[in-house]
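Residue numbers (the numbering used here): 482 to 607. Heads up, the beta-carbon is just placed ideally off N, CA and C, and yes, glycines get one too. Let me begin by presenting the structure, written as structure tokens, before commenting on it.
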């Protein structure tokens, strides 16, 4: 068995695992009901799945050009997925679309957001 065939086999396995992780992220988005669990499904397995697929492409192509394209993909994915999840979670909390009875710790309940800062009530009572 040559080194190239071993690298191709590893790349195949990584693509398969990455695709399965992306599929489970999609199933989690469709199946789970509340916002925090959907955000977990949207960020954790999806980011790891994309990372594994990019590493597999790097192993399969074995070129510096592929590495030059793969590094920004991974960095942008690592930067944008948590930020987007945070913003969606914060908006869901403000709009009262989260299941507040299942929150063990409510760190945003202390009222650091004053109504004057947004010109609206931050947690409407409806």
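Judged by beta-carbon spacing, residue 566 lies beyond the 7 Å limit of residue 504, meaning their Cβ atoms are not closer than that value. When the Cα atoms are used, residue 507 and residue 500 turn out to be separated by approximately 11 Å. Annotation: the continuous alpha helix (DSSP H) that includes residue 525 extends over 516 to 542. Apart from sequence neighbours up to five positions away, the residues of its chain that approach residue 495 with a beta-carbon distance below 8 Å are 533, 534, 536, 537 and 540, ordered along the chain.
Taking a C-beta distance under 7 Å as the contact criterion, residue 524 and residue 562 qualify as a contact pair.
One thing to note: residue 558 has its Cβ no nearer than 7 Å to the Cβ of residue 516. With respect to the 7 Å criterion, residue 530 and residue 502 are classified as neighbours on the basis of their beta carbons. Residue 590 holds the alpha-carbon nearest to the alpha-carbon of residue 575 among 583, 490 and 590. Each residue's CA atom was taken as its position, placing residue 581 and residue 511 some 21 Å apart.
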